[in-house]
Amino acid sequence: MNWKKTIITASVTATMLMGSLTTGALTAQVSAAAVNNSQVKVIWGVNLRTTPSSSAKIVRLVAKGETVTVLQQSGSDWYKIKDSANRTGYISSSSKYTQAISGGTSGSGSNSGTSVTGNASVEKVIAAGMKYLGTPYEFGASRNSTATFDCSSFVRQAFIDALGIKLPADSRKQGAYVKAKGTVQTNWKNLKRGDLMYFMSYKGSSASSYSGVNKSSATITHTGIYLGNGKVLHTYSNAGGGVTTSDISGKHWEYRFLFGGSAL
1 MNWKKTIITA
11 SVTATMLMGS
21 LTTGALTAQV
31 SAAAVNNSQV
41 KVIWGVNLRT
51 TPSSSAKIVR
61 LVAKGETVTV
71 LQQSGSDWYK
81 IKDSANRTGY
91 ISSSSKYTQA
101 ISGGTSGSGS
111 NSGTSVTGNA
121 SVEKVIAAGM
131 KYLGTPYEFG
141 ASRNSTATFD
151 CSSFVRQAFI
161 DALGIKLPAD
171 SRKQGAYVKA
181 KGTVQTNWKN
191 LKRGDLMYFM
201 SYKGSSASSY
211 SGVNKSSATI
221 THTGIYLGNG
231 KVLHTYSNAG
241 GGVTTSDISG
251 KHWEYRFLFG
261 GSAL
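Residue 77 in UniProt numbering sits at position 77 of the sequence shown, with consecutive numbering throughout.
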């Protein structure tokens, strides 16, 4: 018997069961995917540090009004940045200190739903949502608790945690809020990373189950956050894993999709 191989296999299996690979690693990958080279404006003086730790050595104070380039997300609390003098270091990613500059950075094309365009605010929302991966689902979950979520309370909490923005409490009102913000897309492949998605009720797993449905007047019953690359971050059942990510293309999520757009 190859004991070394057995030990490694057992270690990986245990790690996956504990969730550290599926949650921590996935959060880091998704958080960093589109934040690279986006620019943020400092809205409150923040310390530039040598490492992502509040006890790390301070390089300097980044003053209010300065614009810096975000090189990558470091965990859920720090940005690695470059300032105007090309000095690099780490600052807090809290929305108290920085504000995204419109435009963000562009990723791959949108024709196949693989857009990874994003800015700092979008990445904060996604990172905030990803930290709840695996949180149990509860229909009508309390809006004052993070112990369980339904679809709309989950999306709402991600925006509260990341940006202090309180969206309406239910998915229908959230959909109306997004429509009021600007143009929405009825083809999910045209969405941008961080856009909110709205879906009608489940009628079946095939496209034919939704033929003849007038989606312009259909009732919203579900919402989630578009991650790019054809994936949605959401929660819909405990059987589905609570807060999770799902593929859209060729699934009932694609057939049920009504519209999507930015809440920012």
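Built from N, CA and C at the ideal position, the CB exists for glycine as well.
Check whether residue i and residue j have beta carbons under 9 Å apart
i           : j           : result
residue 264 : residue 121 : yes
residue 38  : residue 123 : yes
residue 42  : residue 69  : no
residue 158 : residue 182 : no
residue 228 : residue 125 : no
residue 40  : residue 127 : no
residue 226 : residue 192 : yes
Beta-carbon contacts of residue i that lie in its chain and below 7 Å, excluding the five residues immediately before and after
i           : result
residue 151 : 171, 222, 223, 224, 234, 235, 236
residue 92  : 46, 77, 78
residue 51  : 90
residue 136 : 148, 238, 242
residue 259 : 184, 185, 186, 198
residue 142 : none
residue 254 : 188, 248
Residue(s) in a DSSP beta bridge with residue i
i           : result
residue 58  : 49
residue 225 : 196, 233
residue 81  : 70, 89
residue 276 : An answer regarding residue 276 cannot be provided, because it is not within the stretch 1 to 264 covered by the chain.
residue 40  : 68, 100
residue 259 : 198
Exposure of residue i, with buried meaning 16 or more beta-carbon neighbours within 10 Å
i           : result
residue 74  : buried
residue 205 : exposed
residue 95  : buried
residue 134 : exposed
residue 176 : exposed
residue 153 : buried
residue 164 : exposed
residue 256 : buried
Contact set for residue i: own chain, Cβ-Cβ below 6 Å, skip 5 residues either direction
i          : result
residue 80 : 71, 72, 74, 90
message: Between the stretch 212-228 and the stretch 189-203, can you find at least three pairs of beta-carbon atoms closer than 8 Å?
response: Short answer: they touch.
message: Check whether the stretch 81-89 and the stretch 43-60 are in contact - that is, three or more C-beta pairs closer than 8 Å.
response: Proximity of the stretch 81-89 to the stretch 43-60 meets the contact definition, three or more beta-carbon pairs being nearer than 8 Å.
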